[in-house]
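The sequence shown begins at 1 in UniProt numbering and counts up by one.
For every residue, glycine included, the Cβ atom is placed at its ideal position computed from N, Cα and C.
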Amino acid sequence: DKTGDVYSFPLVNGVFKEEKHSNNENGNENSIEEDVDKEIVPLFGHLSMLLDMIITKDGQYIVTCDRDEKIRVSKFPNAYNIQTFCLGHTEFVTKILQLPTDTLKILSCSGDGKLKLWNLETGTCESTCD
């Protein structure tokens with residue numbers, strides 16, 4: 001959510017499934033269970049408002065950015081295991097993208113007017129464009 005917390009929602013075909021109800025022959029309501037665990041699980045929290053989030057294409061990392069210039073790279077789904085922080089922006093980070101040609105690289109843009117290229121595993125900034 002936009003307050004700094006990240007949750008995992010169970011999805012079926014990309015859609016959050018709620019419990020379905022039907023009436024039996026006596027007119028009583030029955031609950032139909034899906035084959036999906038419906039528990040909404042908190043993964044982790046930031047102290048600042050989150051502005052963007054991605055899960056890498058290989059599903060190995062969850063990457064978040066916030067209003068406090070930080071990009072956090074965590075293992076997924078065990079997000080309490082932080083891989084690295086990508087630090088170097090001087091204003092809020094508004095967007096993060098994984099490169100389609102090199103999945104170990106992410107791009108970030110910020111209120112400081114800079115576009116940065118990061119190594120996802122080490123957190124090092126490999127290039128900056130003003």
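Sequence-distant residues of the same chain with beta carbon closer than 7 Å to residue i, five excluded per side
{"i": "GLY88", "result": "LYS116 and CYS125"}
{"i": "GLY111", "result": "GLU91, PHE92 and THR94"}
For residue j and residue i, the rounded distance between their alpha carbons
{"i": "THR103", "j": "GLU39", "result": "30 Å"}
{"i": "LYS114", "j": "ASN78", "result": "31 Å"}
{"i": "CYS109", "j": "ILE96", "result": "7 Å"}
{"i": "residue 135", "j": "ILE82", "result": "The first residue shown for the chain is 1 and the last is 130, placing residue 135 beyond what the model contains."}
{"i": "ILE62", "j": "LYS75", "result": "6 Å"}
{"i": "GLN60", "j": "LEU120", "result": "11 Å"}
{"i": "VAL41", "j": "ASP58", "result": "21 Å"}
{"i": "LEU107", "j": "GLU69", "result": "14 Å"}
Own chain residues within Cβ distance below 6 Å of residue i, not counting five before or after
{"i": "CYS86", "result": "ILE71, TRP118 and GLY123"}
{"i": "LEU99", "result": "LYS105"}
{"i": "THR64", "result": "LEU50, MET53 and ARG72"}
{"i": "CYS129", "result": "LEU115"}
Residue environment, residue i, which counts as buried when at least 16 other CB atoms sit within 10 Å
{"i": "THR101", "result": "exposed"}
{"i": "SER127", "result": "exposed"}
{"i": "TYR80", "result": "exposed"}
Residues sharing a beta bridge with residue i, DSSP
{"i": "MET53", "result": "THR64"}
{"i": "SER74", "result": "ILE62 and ILE82"}
Sequence ranges, alpha helix (DSSP H) only - wholly within the UniProt repeat "WD" (86 to 128), length at least 4: none
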